[in-house]
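For reference, the structure is listed below as structure tokens.
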Amino acid sequence: MLSCITKDELIKIRAIADIQFGKGCGKVLFPEEVMVIKSKRTGKIKNIYYNGKLIATLRTNDGYLALSIEGA
């Protein structure tokens, strides 16, 4: 189920994007209007959506982002 992202979660995924893709990429990739799907078991972010389209998945094994075609 899609839910709004918290300010702390937005800061976290933007920081991951900045580390992975370069400084400033987080704000470009993830505007404040992004929505997320969280794991029912852990409550952690799994998928990130913008305008109803999947733009990234937060990989559980290493914590990095896997961009979709729409997010690339």
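The sequence shown begins at 9 in the numbering used here and counts up by one. The beta carbon of each residue, even a glycine, is placed where N, CA and C say it ideally should be.
If contacts are defined as beta-carbon pairs under 8 Å, then residue i and residue j qualify, I think. What distance do you get, rounded to the angstrom?
i	j	result
Leu73	Ile24	6 Å
Taking buried to mean at least 16 other C-beta atoms within 10 Å of its own C-beta, is residue i buried or exposed?
i	result
Arg22	buried
Val36	exposed
Gly34	buried
Leu10	exposed
Glu83	Nothing can be reported for residue 83: it is not among the residues displayed for the chain, which extend from 9 to 80.
Glu78	exposed
Ala64	buried
Ile13	buried
Ile19	exposed
Kindly indicate the opening and closing residues of the alpha helix (DSSP H) around residue i.
i	result
Lys20	15 to 29
Val36	33 to 37
What are the boundary residues of the beta strand (DSSP E) that residue i is part of?
i	result
Leu73	73 to 75
Could you tell me whether any non-hydrogen atom of the ligand FAD is closer than 7 Å to the CB of residue i?
i	result
Lys61	Ligands in the displayed structure: none, and consequently the ligand FAD is not present.
Using DSSP bridges, identify the partner residues of residue i.
i	result
Thr65	Asn55, Ala74
Lys48	Answer by DSSP bridge pairing: none, since Lys48 is not bridged.
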